[in-house]
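Numbering (the numbering used here), first residue to last: 173 to 623.
Glycine is no exception: its CB is placed at the ideal position from the N, C-alpha and C atoms.
Laid out in structure tokens, this is it:
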């Protein structure tokens, strides 16, 4: 019986076209996935079948060809760019005498390397254990079976049952922890909604330049690299928009062709940032010759996580690589549908920010508000909302605040602080604010017998 090696990065890649030969873009992406996982790619074997073989996925002749290449190249890992059943994986390992990994296992390994946040690590481990649950059979090949002759009776099958029980307990623990983290994230989202801060989510195919664009817009230093799935954990930062407004920009995990369903389910809470966004910025690699197919694949995953109906603007990144100048494309109604930018050089960022502001476009109120020194809490609330454009101290000790903020948020803040906004002044008229109502009252006037 073959004993799995504990390590090994010298990989032979196998991609079989089902019904048609594999395309060049599929092969190059597969090789990039393997290298992103840290594999040393020794070679690539391709083929074409009408339908997968139930026992080995590939035919017996192709399996023997792979076996000969494994021995000739000294490979200790064979990676299939297909989802393999547990029985197919075990049969291939027994024949090839080396470790076999399918596409799901490869992507899970990349995710395990990239996860940094507590939530991301929980999600990756949960997906890994669910994937492993169907592959425990004969995992303990060094242990004996319970029945097999004199001197061969041992705890083999008992160990397998123990593994299953331990795995089930671990899954329960992970689900409980993840539920707690998801609850905390939901609380944060509710606070954002209460503060009327819109969220813009970056989505797109992996390695399209989302993190580079995220850093350009927010001035942050989120990790960005020319690797597939360089960003796994969602990152949220403030972005300043025209007219003294601001929003929150969320960088999400990149998508990929044939993203395993286990990963879509495991990262549903992470992709919640996209589901709750007011606007999706769909980042497209303009230099990718297959960008149309990439757009369709991203939209398919968005529909799977119930975010397909959200409004989106296509951002064609890397415009400089295809000789395009930054510009905006609109539809027949004048709405922005596509923007050409270069996140690497920063070209077109003003156009993008302007388009975001135009889309969000809530009615703004621009006011000069005079607050007395005793009204410090109201002053602090305006600053916390990021609404103060300028402040001037008056000789009386009062503060003259120039504020600009969405109408709904302005009216709610006034109500919370006891400021009565004259309805006639909310709009485009000059500033006017009714003085705050006093929160104190005459106790004598409330006493029995008071007229």
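Boundaries of the alpha helix (DSSP H) in which residue i is found, first to last residue
| i | result |
| --- | --- |
| residue 242 | 232 to 245 |
| residue 386 | 382 to 390 |
| residue 262 | 258 to 268 |
| residue 302 | 290 to 305 |
| residue 271 | Taken as a continuous stretch (DSSP letters only), residue 271 belongs to no alpha helix (DSSP H), being part of the beta strand (DSSP E) at 271 to 273. |
| residue 569 | Taken as a continuous stretch (DSSP letters only), residue 569 belongs to no alpha helix (DSSP H), as it is neither H nor E. |
Secondary structure of residue i, DSSP reduced to three states
| i | result |
| --- | --- |
| residue 604 | For residue 604, the pLDDT reaches just 41, beneath the cut-off of 50, and the residue's location in the model is therefore unreliable, leaving the point undetermined. |
| residue 346 | helix |
| residue 513 | coil |
| residue 317 | Summary for residue 317: the model assigns pLDDT 48, below 50, so the residue's position carries little reliability, and this model does not support an answer. |
| residue 564 | strand |
| residue 412 | strand |
| residue 520 | coil |
| residue 541 | strand |
| residue 449 | coil |
| residue 559 | coil |
| residue 278 | helix |
| residue 623 | The predicted position of residue 623 is uncertain, since its pLDDT is 36 and thus under 50; no value can be drawn from it. |
| residue 419 | strand |
| residue 183 | strand |
| residue 532 | helix |
Start-to-end residues for the beta strand (DSSP E) that takes in residue i
| i | result |
| --- | --- |
| residue 579 | It is not in any beta strand (DSSP E) - residue 579 instead sits in the alpha helix (DSSP H) that spans 579 to 588. |
| residue 426 | Where residue 426 is concerned, there is no enclosing beta strand (DSSP E), given that its DSSP letter is neither H nor E. |
| residue 546 | Neither: residue 546 is in no beta strand (DSSP E) and is coded neither H nor E. |
| residue 374 | 371 to 376 |
| residue 249 | 249 to 252 |
Contacting residues, own chain, Cβ-Cβ under 8 Å from residue i (five flanking each side not counted)
| i | result |
| --- | --- |
| residue 203 | 185, 213 and 216 |
| residue 350 | 291, 294, 295, 298 and 441 |
| residue 517 | 492 |
| residue 237 | 217 |
| residue 566 | 542 and 572 |
| residue 462 | 197 |
Contact check, residue i vs residue j, beta carbons under 8 Å
| i | j | result |
| --- | --- | --- |
| residue 492 | residue 519 | yes |
| residue 255 | residue 275 | yes |
| residue 455 | residue 376 | yes |
| residue 525 | residue 513 | no |
| residue 452 | residue 557 | no |
| residue 280 | residue 339 | no |
| residue 487 | residue 511 | yes |
| residue 417 | residue 529 | yes |
Beta-carbon proximity list for residue i, same chain, < 7 Å, skipping 5 on both sides
| i | result |
| --- | --- |
| residue 224 | 190 |
Contact with chain C by residue i, beta-carbon distance below 8 Å
| i | result |
| --- | --- |
| residue 447 | Considering every chain present, this structure includes no chain C. It has just one protein chain. |
beta-carbon residue i near the ligand SAM non-hydrogen atom, thresh 7 Å
| i | result |
| --- | --- |
| residue 551 | As presented, the structure is devoid of all ligands, the ligand SAM included, so that no description of it is given. |
Ranges of the alpha helix (DSSP H) found wholly within the segment 453 to 506, counting only runs of at least 4
463 to 476
Please go through the segment 186 to 232 and give each complete alpha helix (DSSP H) segment of 4 or more residues, from N-terminal end onward.
196 to 208
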